[in-house]
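For the sequence shown, the working numbering gives the first residue as 1078, with consecutive numbering after it.
All C-beta atoms, glycine included, are put in the ideal place defined by N, C-alpha and C.
Remember, it's a predicted structure, so these values are computed and weren't measured experimentally.
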Amino acid sequence: MELLRRFSFTLLLMSLMTLVACGSGDGDLTGGDDGGGTTEDTIIVTLAISNVNVIEQSPATITATVIEEGSPKQGIVVTFSTTLGNFTPGSGTALTNSAGVASIVLNSGSISGAGVVVATLSTGEDSAIGFTTQAASSSVVVRLGNGTGVGFTEGVANVSLAQISAGGTTVVSVSLVDEQGNLYSETVELNFSSRCTVDGTATLTPVVTTSNGLATSTYLAKGCIGDDVIQVNATIGGTNLSATGLVNVLQADAGSIAFVSATPEHIAILGTGGDESSIVIFKVLDVNGDPINDRDVTFELSTDLGGINISPLTATTNANGEVQTVVNSGTVSTSIRVKATITGSDPIISSQSNTLVLSTGIPDQDSFSLSASILNPEGWDIDGTEVEVTARLADAFNNPAPDGTAVSFTTEGGSIDSFCITSNGVCSVTWRSQYPRPEGHILGDVNNPAHLPETMNSMGQKLGGRATILATAIGEESFPDLNGNGRFDAAEMTAFTGNNISGRPYDLKEAFVDHNEDGLYNPTEGGDVNQSGALEEFTDFNNDGVFTPYSGSYRDGLYNGVLCSEPSHAGCSINQQSINVRANLVLVMSGSDPIVNTLTPVINITGEGTGVATIIISDLHNQPMPFDTKIVFKAGVGSFVSTSSFAWPNDNHNGGRQYSVAIKGEADATSGTLSVEIETDSGVTSIPIATINIL
């Protein structure tokens, strides 16, 4: 009879373990045919179980997955029921997530046997899965602490070293025992944590599984200072168990202090409109290289010139070992450093910041520079030749303009990017060859039928192929600082009406694109030749609709900037303290076809003597050939005793270029031709230039 009972139980268990019904809606656990045809359900629910043998120490997670027409169904309430055990949460319900999954924990309960969990949807679909369970023994009480038997202390974790040095380790041990103090044999997961492990200044093995009721975790101090309470937690049969231990971490000896950052690195002189303070951060490390918390640091400046100050003078490190102070601007341009010293360190441990620059942060005129990667691109006959154009800006103290300064561009010929943003005082744009192309005199045309290439162009305006680029930025005028105090004083007014060290005026008119390179805005200032400047355009900085010209030898006779002396004087503009700082640059849109002027059409050489041939080469406008044009001389008789091949340099001067070669004769009389091959990206041109007679 007992054998038959066991056999029946086994058959029942095997059936339950394989029993899964998917979306039947009528509670049929087999999911069988109802005899009415085969109609596919639109909603399917399936079940899975993390372990089929549910015991007190090892609850099971039941997972229901809801699929509608092949896609996960979110926000569906799933109701779970069971024939044995109980659920956590006790409501027996769960909500599907974005993956269509709802889960619940199945506990062992008070009755052993084989059971079934059924998951049901409100629309009637359900699914079932089987399991076995062993009832929790009400007579077994599990406790967490340290030790065993009569030596067991509940709720207290054992810490092998109660006090450790910075960077040291200690072992935290706990034991699980039953009511009689015997070690609990079932495996249980324990969680270890502390305040310092949460903030990253210490580490513990976070999860440990017991072995015959025992578990240990290693604690490592990594910047934690003082008492740190260690928490050990476990859950057995729905009961939460905990124990605590205490470790004291001694403060580490400081090993170093390092500069981290200064933000920003450039601060403005008081009253000039920029950032007038900088946050300076240092980091204190112990001898093990770990950050030190709660350590005082004292700060001092390398100079207090012009009222520069620092606040606070002393600060305390945070959990990351970082400490900060603020540098506040003064009235004089200078460079400064912050020195940080660990308070009370012996020997003294200190460090310095990077250099902070105290300046206006405003570009000034005589510090504006414009350059190009190629001054004579092959751009008259070819579209799309590119040139990088670079602007460099600095302030009145020749410190780089602040990052983020905008520079605007326009061009007389070709096209150019409209602006760039500086980094470390520099930014670049791209110029491209295309129309418009500035017209001008052409060698050999009806106006210049006998004109040949020359090194200095004498054809006059208009100058063909020469394209002026204008770059501007908002800045201030420069001034002559004769006493070196960094301010524009009344005594410097006379010098201000003259020119700077580059020969250019301090006091400026409005910026314009100088088509004919004469320095005048011809539409209003006159001086135009052959209408070469009639179409010049200006930048109307003050938005009055007219070009603001010089009045005599200067513009408004006032310094437009922020560095006027204090108190101000009559030479300083009150209403306008900024202008367009600017620079012009000429690119030659060089033609591809060379024109040659032979200065020595016949070369007579006596025997093995030497003769010299000289030519001048230019493009159609008597302008330079394209950069890196290859020029190679070839002699039919004799031999070269000088360089015979050349490359055209980076060149935007107004004219062609002269080349000469020396030729050695031969013992026997003969004659031949001297020719030159000129190669650009567009091709090679070979031109006979002279006759060589060896006498």
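Is it true that the CB of residue j sits closer than 7 angstroms to the CB of residue i?
i	j	result
residue 1753	residue 1704	no
residue 1357	residue 1419	no
residue 1460	residue 1510	yes
residue 1484	residue 1468	yes
residue 1247	residue 1324	yes
residue 1545	residue 1661	yes
residue 1422	residue 1329	no
residue 1337	residue 1360	yes
residue 1234	residue 1251	yes
residue 1409	residue 1382	yes
residue 1667	residue 1701	yes
residue 1156	residue 1192	no
residue 1694	residue 1733	yes
residue 1293	residue 1264	no
residue 1177	residue 1139	no
residue 1669	residue 1762	no
residue 1774	residue 1599	Only positions 1078 to 1772 of the chain appear in the structure, and residue 1774 is not among them; the question remains open.
residue 1766	residue 1747	no
residue 1441	residue 1478	no
residue 1333	residue 1362	yes
residue 1547	residue 1487	yes
Helix or strand or just coil, what does DSSP make of residue i?
i	result
residue 1399	strand
residue 1383	helix
residue 1722	strand
residue 1444	helix
residue 1142	strand
residue 1564	coil
residue 1455	strand
residue 1552	strand
residue 1217	coil
residue 1364	coil
residue 1516	coil
residue 1222	strand
residue 1569	helix
residue 1409	coil
residue 1326	strand
residue 1195	strand
residue 1523	coil
residue 1490	coil
residue 1179	strand
residue 1772	coil
residue 1228	helix
residue 1474	coil
residue 1682	strand
residue 1414	coil
residue 1538	coil
residue 1345	strand
Can you check DSSP and say which residues form a bridge with residue i?
i	result
residue 1736	1692
residue 1751	1712 and 1767
residue 1392	1374
residue 1357	1339 and 1402
residue 1301	Answer is none; residue 1301 lacks a bridge partner.
residue 1463	1509
residue 1756	1707 and 1761
residue 1699	Answer is none; residue 1699 lacks a bridge partner.
Consider the Cβ of residue i: report whether some Cβ of chain B lies at a distance smaller than 7 angstroms.
i	result
residue 1671	No chain B appears in this structure, which consists of one protein chain only.
I want to check one thing, is the minimum distance from the CB of residue i to the heavy atoms of the ligand HEM below 6 angstroms?
i	result
residue 1170	The ligand HEM is not part of the structure shown, which contains no ligands of any sort.
Any 3 or more C-beta pairs closer than 8 angstroms across the stretch 1185-1202 and the stretch 1130-1144: yes
Secondary structure, alpha helix (DSSP H): runs of 4+ residues fully inside the stretch 1573-1658: You should have 1599-1602.
Cβ contact check for the stretch 1572-1582 and the stretch 1518-1526: 3 or more pairs under 8 angstroms: no
Segment contact flag, the stretch 1557-1574 with the stretch 1663-1678, C-beta cutoff 8 angstroms, min 3 pairs: Taking 8 angstroms as the limit for Cβ pairs, the verdict is that the stretch 1663-1678 does not touch the stretch 1557-1574.
The stretch 1436-1454 contacting the stretch 1551-1558, beta-carbon criterion three pairs below 8 angstroms: yes
At least 3 beta-carbon pairs within less than 8 angstroms: the stretch 1295-1308 vs the stretch 1234-1245: yes
Cβ contact (3+ pairs, closer than 8 angstroms) linking the stretch 1217-1228 and the stretch 1250-1259: Three or more beta-carbon pairs separated by less than 8 angstroms link the stretch 1217-1228 to the stretch 1250-1259, which places the two stretches in contact.
Complete beta strand (DSSP E) runs within the stretch 1262-1289 (minimum length 3 residues, chain order): 1266-1271 and 1284-1286
At least three beta-carbon pairs within less than 8 angstroms, the stretch 1677-1695 to the stretch 1498-1512: no
Given 8 angstroms, three or more beta-carbon pairs between the stretch 1343-1352 and the stretch 1363-1382: no
Every unbroken beta strand (DSSP E) within the stretch 1125-1169, with a cutoff of 3 residues, ordered by chain: With a minimum length of 3 residues, the continuous beta strand (DSSP E) runs that stay inside the stretch 1125-1169 are 1137-1145, 1154-1159 and 1163-1165.
The stretch 1608-1622 / the stretch 1651-1668 touching (three or more Cβ pairs under 8 angstroms): yes
Three-pair Cβ contact test at 8 angstroms for the stretch 1268-1277 versus the stretch 1302-1320: yes
Sufficient close CB pairs (3 or more, under 8 angstroms) joining the stretch 1433-1441 to the stretch 1390-1397: no
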